[in-house]
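Asks: Okay, handing you the structure first.
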Amino acid sequence: QKPEARALLILDNHTSRAELEALDLLEKHSIDLIFLPAHSTSITQPLDVVIFGKFKNLLDQILHDLTTHKKLGQDEFRSSLILAVLTSWERIPSIKVRESFEAAGVHPVDPKKFINNHLVRDVENVEKVPSCELRELVEK
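No gaps in the numbering here: position 37 of the sequence shown is 72 in the numbering used here, and each next residue is one more.
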């Protein structure tokens with residue numbers, strides 16, 4: 036018999052994420068949680084590491100193209116913003132999303148990607164970084 040399929044949800048470590056009802060619901064639907072270390076999303080959050088910079092550049096360019104030389108009211112600006120967000124996201128190749136997980140060391144699990152980041156200082160004993168729990172969850 037095939038083992039139950041599980042999903043992995045990666046969240047920042049904000050205290051609002053620890054709602055008991057939500058945690059129970061996730062468990063009921065076979066979703067495992069991993070919380071990123073506090074104040075580390077610029078290093079460990081895959082979308083922050085690769086995607087959001089490109090997304091913001093695309094968004095600025097598209098929004099500029101949609102709104103330049105036009106006097107827009109609030110509703111027209113909102114519509115242009117929504118269109119720009121959707122268009123920007125569609126222009127990010129799915130392979131880039133996959134690459135972002137590798138660049139952050141999330142999948143495949145590679146704690147050295149975090150440790151070797153220029154924003155991380157004074158870390159010794161890289162091999163002692165506890166990554167086995169994350170690796171076990173990802174490999175399930």
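Idealized CB from N, CA, C, for every residue including glycine.
Please report how far the alpha carbon of S129 lies from the alpha carbon of K105, in whole angstroms.
Replies: Residue mapping note: residue 129 aligns to position 94 of the sequence shown, counting from 1. Residue mapping note: residue 105 aligns to position 70 of the sequence shown, counting from 1. Going from the Cα of S129 to the Cα of K105 covers about 33 Å.
Asks: Once DSSP output is grouped into helix, strand and coil, what is the label at L71?
Replies: Here residue 71 is taken as the residue at index 36 of the sequence shown, counted from 1. It is coil, neither helix nor strand.
Asks: Enumerate in chain order the residues of its own chain whose CB-to-CB distance from S123 is below 6 Å, with the five nearest sequence positions on each side excluded.
Replies: Here residue 123 refers to the residue found at position 88 when the sequence shown is read from its first residue. For S123, where only same-chain residues beyond five positions count, the Cβ hits under 6 Å are F90, L93, L94 and I97.
Asks: V84 to E111, Cα distance in whole Å?
Replies: Residue numbering aside, residue 84 sits at position 49 when the sequence shown is read from its first letter. Residue numbering aside, residue 111 sits at position 76 when the sequence shown is read from its first letter. Each residue's Cα considered, the two are about 32 Å apart.
Asks: Check whether the region 143 to 157 and the region 59 to 67 touch, using three or more Cβ-Cβ pairs below 8 Å as the test.
Replies: The region 143 to 157 vs the region 59 to 67: no contact.
Asks: Which parts of the region 57 to 113 are runs of the alpha helix (DSSP H), unbroken and 4 residues or longer, counting only runs that do not cross its ends?
Replies: Segments of the alpha helix (DSSP H) lying fully in the region 57 to 113: 76 to 79 and 87 to 102.
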